[in-house]
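Trainee: Below is a structure I'd like to ask you about.
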Amino acid sequence: MNLSAANHRIPLNDGNSIPVIGLGTYSNPAVTPKGTCLESVKLAIDSGYRHIDGAYIYFNEHEVGEAIREKIAEGKVKREDIFYCGKLWATSHVPEMVRPTLEKTLKTLKLDYVDLYIVEIPMAFKPGNEIYPRDENGKWLYHKSDLCATWEALEACKEAGLVKSLGVSNFNRRQLELILNKPGLKYKPVSNQVECHPYFTQTKLLKFCQQHDIVIVGYSPLGTSRDPYWVNVSCPPLLKDTLLNALGEKYSKTAAQIALRFNVQRGVVVIPKSFNPERIQENFQIFDFSLTEEEMKDIAALNKNVRFVEMLMWIDHPEYPFHDEY
Ligand SMILES: NC(=O)c1ccc[n+]([C@@H]2O[C@H](COP(=O)([O-])OP(=O)(O)OC[C@H]3O[C@@H](n4cnc5c(N)ncnc54)[C@H](OP(=O)(O)O)[C@@H]3O)[C@@H](O)[C@H]2O)c1
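So the sequence shown is residues 1 to 326, counted in the UniProt record's numbering.
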């Protein structure tokens, strides 16, 4: 794969590039002490990470922004060294909300632009400030999706200089094709952020995306935090896998490092989340070894085709993405 050894970046279809490993920053806000995200992002930058994956709905974007700005002020990095991915939430899909929502993220981060802005899920919810809108009976309040109209509003944000690259997340092939075949398309999505790890290898979607010059960014690359509130915990824990641990022993690495290396070696960007100092550093140490072709095949054969992140609560949304095979 085309991995520049110097800075571990993959070219994007719009001329920009993306670091192959980023720090994921989702952590249940109810149980995560204030300041943990700030310290973790600062340590990640000190440890070599240049890519941070965040979102307005993670409720810690202010800490991410503060960490980035502190590291720039210290002279550790320049703004252009950092790649920040933000996300457009489902309640802001209507075109007139897209730019103000991105501007709100920029204000929270206190940055002038984000490097990548992605449609977080293809399902639109009732527009407004309520992030998880439901009626008095607890029924989800959806909104008719018009992904092409949302995309056009995002294209305008890129032209206004608020974002360098545009992408999507949790899109299936049909939803990607909707954008790719949109009359008058100005900018193709550069990436599709989806669940991807040895138990859910996304072979077909990866092939389709590679054919269209779209990078797959693999979320939950370590098999998630296994928070039963949103994770399908009936799927066994990835990091306990026998093969991943055996390969870890062979290379003096951990199962986590083998799982991350597997994806990176097949051209998938990984965004492992850790707010633990040792594990933040551990997850970045994946560039000093490589897996053999045979080992890559053996790991790929672990695929169970079962998602940890099923989003079943929205299964009746007309744009629920996971009914399709891929
Ligand atoms: N677009 C989407 O819909 C979407 C969905 C899900 C996630 N994401 C993004 O993807 C990121 C990563 O996914 P994720 O948070 O679901 O899960 P993940 O990165 O697969 O796993 C995170 C969990 O693994 C632990 N961990 C981290 N490094 C480890 C290591 N070396 N050994 C053992 N355990 C380790 C973390 O705990 P510690 O913090 O204690 O280390 C945490 O509990 C998110 O943070 C978010 O940025 C996006």
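For each residue, glycine too, the CB sits at the ideal point set by N, CA and C.
Can you give the Cα-Cα distance for residue 307 and residue 195, rounded to whole angstroms?
Mentor: So the two alpha carbons sit approximately 7 Å from each other.
Trainee: In chain order, what residues of the same chain have a beta carbon less than 6 Å from the beta carbon of residue 148, not counting five sequence neighbours either side?
Mentor: These residues qualify, in order along the chain: 182.
Trainee: Is the beta carbon of residue 104 within less than 7 Å of some heavy atom of ligand 1?
Mentor: Result no, Cβ not under 7 Å from ligand 1.
Trainee: With a threshold of 7 Å, establish whether the CB of residue 132 neighbours any heavy atom of ligand 1.
Mentor: Residue 132: no, Cβ never under 7 Å from ligand 1.
Trainee: Between 95, 261, 324, which lies nearest to residue 295 when the distance is taken from Cα to Cα?
Mentor: Of the candidates 95, 261, 324, the one whose C-alpha sits nearest the C-alpha of residue 295 is 261.
Trainee: Measuring straight from C-alpha to C-alpha, what distance separates residue 63 and residue 37?
Mentor: Their Cα atoms are separated by approximately 6 Å.
Trainee: Determine the direct distance from the alpha carbon of residue 53 to that of residue 224, and round the result to whole angstroms.
Mentor: Cα to Cα, residue 224 sits roughly 15 Å from residue 53.
Trainee: Could you tell me which of 50, 11, 8 sits nearest to residue 280, measuring between CA atoms?
Mentor: Comparing Cα-Cα distances from residue 280 to each of 50, 11, 8, the minimum goes to 50.
Trainee: If you measure from each CB to the nearest heavy atom of ligand 1 and keep those under 6 Å, what residues do you get, in chain order?
Mentor: Those residues are 24, 25, 26, 53, 120, 169, 170, 193, 219, 220, 221, 222, 223, 224, 225, 239, 254, 256, 271, 272, 273, 274, 275, 276, 279, 282, 283, 309, given in chain order.
Trainee: What do you get for residue 73, buried or exposed, if any count of 16 or more other CB atoms within 10 angstroms of its CB means buried?
Mentor: Looking at its Cβ environment, which holds fewer than 16 other Cβ atoms inside 10 Å, residue 73 is exposed.
Trainee: Helix, strand or coil: which one does DSSP assign to residue 248?
Mentor: Helix, per DSSP.
Trainee: For the alpha helix (DSSP H) containing residue 62, list its first residue and its last residue.
Mentor: Element bounds for residue 62: 61 to 74.
Trainee: Going by C-alpha to C-alpha distance, which of 253, 220, 249, 248 sits closest to residue 237?
Mentor: The option with the nearest alpha carbon to residue 237 is 220.
Trainee: Let me confirm a value: residue 123 is counted as buried when at least 16 other C-beta atoms fall within 10 Å, else exposed. Which label applies?
Mentor: Buried: at least 16 other Cβ atoms inside 10 Å.
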